[in-house]
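All residue numbers in the sequence shown are consecutive under our numbering, ending with 792. Structure, as structure tokens:
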Amino acid sequence: MQSDIRKELIKGIFAIRTQGEFEDMALRVFSYQCGNNELYRTYLDILGIDPSSVDRISRIPCLPVSFFKTHAVYTGTAPGEKVFRSSGTGRGSGAANPGSGNTSGNSRTGDGSRAANPETGFPSGSSGTGSANPGSGNTSGNSRTGDGSRVASSGTAPAVRSAHYVADTALYEKSYLRCFEIFYGDPAGYCFLALLPSYLERGDSSLVYMAGGLIRKSGRPESGFYLDDLDSLASVIRSNEKRGIKTFLLGVSFALLDLFGRYGFRLGNTIVAETGGMKGKRKEITREELHDLIRRGSGLQHIHSEYGMTELLSQAWSRSGGIFHTPPWMKVMIRDAYDPFSCLEQGRSGGVNIIDLANIDSCAFIETADLGRMHPGGGFEILGRFDNADLRGCNLLSE
394 MQSDIRKELI KGIFAIRTQG EFEDMALRVF SYQCGNNELY RTYLDILGID PSSVDRISRI
454 PCLPVSFFKT HAVYTGTAPG EKVFRSSGTG RGSGAANPGS GNTSGNSRTG DGSRAANPET
514 GFPSGSSGTG SANPGSGNTS GNSRTGDGSR VASSGTAPAV RSAHYVADTA LYEKSYLRCF
574 EIFYGDPAGY CFLALLPSYL ERGDSSLVYM AGGLIRKSGR PESGFYLDDL DSLASVIRSN
634 EKRGIKTFLL GVSFALLDLF GRYGFRLGNT IVAETGGMKG KRKEITREEL HDLIRRGSGL
694 QHIHSEYGMT ELLSQAWSRS GGIFHTPPWM KVMIRDAYDP FSCLEQGRSG GVNIIDLANI
754 DSCAFIETAD LGRMHPGGGF EILGRFDNAD LRGCNLLSE
């Protein structure tokens, strides 16, 4: 019975086209997870929330992402066998102000555990896990190591890694492929290049898992992972430019700076998308500064960005200026920093809450430690992170 309901929900999730359909499906997933996710239901009980009273998405409580560090978050009878884990590196202080260390607007740069609210005492959010499968697939032969599975967010020392138990990797693959197709079209139309040091070596990164899948879908012999071989990567990019081959380069921020600082390009057929932050390799800079440096070295006018975290199976993409957009089954809302159960209107800054309905097997309602604001047309930007993000917490469930 539960399996049949799950299949029906998944079918509906990827058929969403309108806001009304999203809200209806989100409430159905909320009801399903209340009945089948013991951790989430316990959290609601502690908050004193009766699920039957939740009649709109703005009233759905979001689970602090820091719970992924201390509990197995799953919906069903047992956690999934595939585990994506966070890298546990490069987690900064997460100050809640613009340019506070999330240079790319991507939660992969930080752990995102939410600081305790001074009034309610409830936690405020954390990000990042991911486990990869080493050697799981670079079909192009350019992968210097394995394909892996996506790593979650990083953390302060001593780092505590988040873990996202994934029951169905095919669901993750469907989500990231649909996401990519919505914003960029068929991945087979690109030579897909991945520059992901600090993720690729781990073997448990969901980001690497996603990149590996896009590399395989690309099908071009030059597609692949380039760990430290910047000379080969630069050669492929230049060759593709000369031959007019559309190229998609996904890279962690510090590695892109190394690439474009060493080589001078004037790109016309290449999309450059940054993700992941500095990982402790360089001083953190603002996203605007990062994009300006990449523009100088690439000759591109627009730098793209990917926003994701190990605790999510979906991604938001920005094609310019760090303004992110989500697929139809994912929604971002901004919460009041001092009242985590209140949502803010467009233009006001606050904490980022995410509904990712692809997370049907874990928890679809996540409160992160990112600071952001909504823009007209449904876009959002990431401004920084909350300070002392790991201090609040999961002690609610240990009392």
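Glycine is no exception: its CB is placed at the ideal position from the N, C-alpha and C atoms. As the structure is a prediction and not an experimental result, all values here were calculated from the model.
Item to complete: Specify, as a first and last residue, the run of the alpha helix (DSSP H) that Cys584 falls within.
Response: As a working mapping, residue 584 is identified with position 191 in the sequence shown. For Cys584, there is no enclosing alpha helix (DSSP H); the residue is part of the beta strand (DSSP E) that begins and ends at 584–588.
Item to complete: Spell out the partners DSSP gives Thr668 in its beta bridges.
Response: Here residue 668 refers to the residue found at position 275 of the sequence shown. Beta-bridge pairing links Thr668 to Val645.
Fill in: DSSP three-state assignment for Cys736, whether helix, strand or coil
Start at 1 with the first residue of the sequence shown, and residue 736 comes out as number 343. Cys736: strand per DSSP, three-state reduction.
Worksheet item: Are Tyr436 and Leu456 close, meaning C-beta to C-beta below 8 angstroms?
Response: Working through the sequence shown from its first residue, we reach residue 436 at position 43. Working through the sequence shown from its first residue, we reach residue 456 at position 63. Going by C-beta atoms, Tyr436 is nearer than 8 angstroms to Leu456.
Worksheet item: If you drop the 5 nearest sequence neighbours on each side, which residues of the same chain put their C-beta closer than 7 angstroms to that of Leu402?
Response: For the purposes of this step, residue 402 is taken as residue 9 along the sequence shown, with counting starting at 1. Within the same chain, Leu402 has close Cβ partners Arg421, Val422, Tyr425, Ile753.
Discussion item. So, with DSSP's three-state summary, where would you put Pro454?
Written reply: By 1-based counting over the sequence shown, the position of residue 454 is 61. Coil, per DSSP.
Fill in: Cα-Cα separation between Asn531 and Ala552, rounded to whole angstroms
As a first step, residue 531 must be located in the sequence shown, where it is residue number 138. As a first step, residue 552 must be located in the sequence shown, where it is residue number 159. Unreliable placement is indicated for Asn531, whose pLDDT of 37 sits below 50; no coordinate value is reported for it.
Worksheet item: Taking the beta strand (DSSP E) that Lys724 falls in, what are its first and last residues?
Response: For this step, residue 724 is matched to residue 331 along the sequence shown. Segment 723–729, the beta strand (DSSP E) holding Lys724.
Discussion item. What would DSSP say about Ala581, mapped onto helix, strand or coil?
Written reply: Translated into positions along the sequence shown, residue 581 becomes position 188. DSSP, reduced to helix, strand and coil, places Ala581 within a helical segment of the structure shown.
Worksheet item: Applying the criterion that 16 or more other CB atoms from any shown protein chain within 10 Å of the CB defines a buried residue, is Thr411 buried or exposed?
Response: Residue numbering aside, residue 411 sits at position 18 when the sequence shown is read from its first letter. Under this definition Thr411 is an exposed residue.
Worksheet item: Under a three-way DSSP split, which group does Glu615 fall into?
Response: As a position in the sequence shown, residue 615 is number 222, starting the count at 1. Assignment of Glu615 by DSSP, reduced to helix, strand and coil, places it in the coil class.
Worksheet item: Mind checking whether Phe618 and Tyr577 have CB atoms under 8 angstroms apart?
Response: Against the sequence shown, residue 618 aligns to sequence position 225. Against the sequence shown, residue 577 aligns to sequence position 184. Taking a C-beta distance under 8 angstroms as the contact criterion, Phe618 and Tyr577 do not qualify as a contact pair.
Discussion item. Assuming the contact rule is C-beta atoms closer than 8 angstroms, Lys639 and Tyr583 should be a hit. Round their C-beta distance to whole Å, please.
Written reply: Taking the sequence shown and counting its residues from 1, the one referred to as residue 639 is at position 246. Taking the sequence shown and counting its residues from 1, the one referred to as residue 583 is at position 190. About 5 angstroms; that satisfies the 8 angstroms criterion.
Worksheet item: Does the distance from the C-beta atom of Asn429 to that of Gly473 stay below 8 angstroms?
Response: The sequence position of residue 429 within the sequence shown is 36, counting from 1. The sequence position of residue 473 within the sequence shown is 80, counting from 1. In this structure, Gly473 does not lie closer than 8 angstroms to Asn429 by Cβ.
Item to complete: Please work out which residues of its chain come closer than 8 angstroms, Cβ to Cβ, to Ile716, disregarding the five sequence neighbours upstream and downstream, and give them in chain order.
Response: On the sequence shown, residue 716 is found 323 positions in, with the first residue counted as 1. Within the same chain, Ile716 has close Cβ partners His768, Gly772, Phe773, Glu774.
Worksheet item: Val645: which of Ser628, Val629, Arg659, Arg680 sits nearest, CA to CA?
Response: If you number the sequence shown from 1, residue 645 lands on position 252. For Val645, the nearest C-alpha among the options comes from Arg680.
Worksheet item: Assuming Ser598 and Ser707 make a contact with CB atoms under 8 angstroms, what is their CB distance in whole Å?
Response: Counting from 1 along the sequence shown, the entry for residue 598 is found at position 205. Counting from 1 along the sequence shown, the entry for residue 707 is found at position 314. The C-beta separation of Ser598 from Ser707 comes to about 16 angstroms, leaving the pair out of contact by the 8 angstroms criterion.
Worksheet item: Which residue or residues does DSSP assign as beta-bridge partners of Asn746?
Response: Indexing the sequence shown from 1 puts residue 746 at position 353. For Asn746, which the question treats as bridged, DSSP gives the partners Met726, Glu760.
Worksheet item: When you compare only the Cα positions, how much space is there between Ser533 and Asp417?
Response: Counted from its first residue, the sequence shown places residue 533 at position 140. Counted from its first residue, the sequence shown places residue 417 at position 24. Note that Ser533 scores 36 on pLDDT, short of 50, meaning its location in the model is unreliable; the coordinates nonetheless yield the value given after this. Rounded to the nearest angstrom, the two C-alpha atoms are 42 angstroms apart.
Worksheet item: For His697, does the count of other Cβ atoms within 10 angstroms reach 16, so buried, or fall short, so exposed?
Response: Position 304 of the sequence shown, counting from 1, holds the residue named residue 697. Note on His697: 16 or more other CB atoms within 10 angstroms of its CB, so buried under the neighbour-count rule.
Item to complete: From the DSSP output, read off the bridge partner residues of Met767.
Response: On the sequence shown, residue 767 is found 374 positions in, with the first residue counted as 1. Bridge partners of Met767: Phe773.
Discussion item. Whole angstroms are fine: how far does the CA of Asp621 sit from the CA of Ala751?
Written reply: Counting from 1 along the sequence shown, the entry for residue 751 is found at position 358. Counting from 1 along the sequence shown, the entry for residue 621 is found at position 228. Whole-angstrom Cα-Cα distance: 33 angstroms.
Worksheet item: Taking the continuous beta strand (DSSP E) assigned at Glu474, which residues delimit it?
Response: Working through the sequence shown from its first residue, we reach residue 474 at position 81. Note, Glu474: premise wrong, no beta strand (DSSP E); not H, not E.
Practice prompt. Enumerate in chain order the residues of its own chain whose CB-to-CB distance from Ser713 is below 6 angstroms, with the five nearest sequence positions on each side excluded.
Written response: Stepping through the sequence shown from its first residue, residue 713 is reached at position 320. Excluding its 5 nearest sequence neighbours in each direction, Ser713 has C-beta neighbours in its own chain below 6 angstroms: His695, listed in chain order.
Worksheet entry | Nearest residue (CA-CA) to His684, options Glu574, Val745, Phe653, Met603 | Residue numbering aside, residue 684 sits at position 291 when the sequence shown is read from its first letter. Selected option, being the one with the closest Cα: Phe653.
Discussion item. Quick check on the burial criterion: 16 or more other C-beta atoms within 10 angstroms. Buried or exposed for Glu738?
Written reply: Taking the first residue of the sequence shown as 1, we reach residue 738 at position 345. Result: exposed.
Practice prompt. Identify which residue in Ile450, Asp763, Tyr433, Arg399 has its Cα closest to the Cα of Met723.
Written response: Your numbering for residue 723 matches position 330 in the sequence shown. Of the candidates Ile450, Asp763, Tyr433, Arg399, the one whose C-alpha sits nearest the C-alpha of Met723 is Ile450.
Discussion item. Going by DSSP in three states, Ser445 sits in which element: helix, strand or coil?
Written reply: Your numbering for residue 445 matches position 52 in the sequence shown. Reduced to three states, the DSSP call for Ser445 is helix.
Worksheet item: The beta strand (DSSP E) spanning Tyr425 covers which residue range?
Response: Working through the sequence shown from its first residue, we reach residue 425 at position 32. Unbroken run through Tyr425 is the alpha helix (DSSP H), 412–429; no beta strand (DSSP E).
Practice prompt. Throw me the rounded Cβ distance for the Phe460 and His557 pair, which I believe falls under 8 angstroms.
Written response: On the sequence shown, position 67 is the one that residue 460 refers to. On the sequence shown, position 164 is the one that residue 557 refers to. In this structure, Phe460 and His557 do not form a Cβ contact; the two beta carbons are roughly 11 angstroms apart against a cut-off of 8 angstroms.
Worksheet item: Do you know how far the Cα of Lys610 is from the Cα of Arg543?
Response: Here the question's residue 543 lines up with position 150 in the sequence shown. Here the question's residue 610 lines up with position 217 in the sequence shown. At Arg543 the pLDDT is 34, less than 50, meaning the model places this residue with poor confidence; the figure from the coordinates comes in the next sentence. Cα to Cα, the separation comes out at about 17 angstroms.
Discussion item. By the DSSP assignment, the beta strand (DSSP E) with His464 in it spans what residues?
Written reply: For the purposes of this step, residue 464 is identified with residue 71 of the sequence shown, where counting begins at 1. Where His464 is concerned, there is no enclosing beta strand (DSSP E), given that its DSSP letter is neither H nor E.
Worksheet entry | For Tyr592, the three-state DSSP class (helix, strand or coil) | Locating residue 592 in the sequence shown gives position 199, counting from the first residue. Tyr592: coil per DSSP, three-state reduction.
Worksheet item: How far does the beta strand (DSSP E) with Ser698 in it reach, from first residue to last?
Response: For this step, residue 698 is matched to residue 305 along the sequence shown. Per DSSP, Ser698 belongs to the beta strand (DSSP E) from 697–700.
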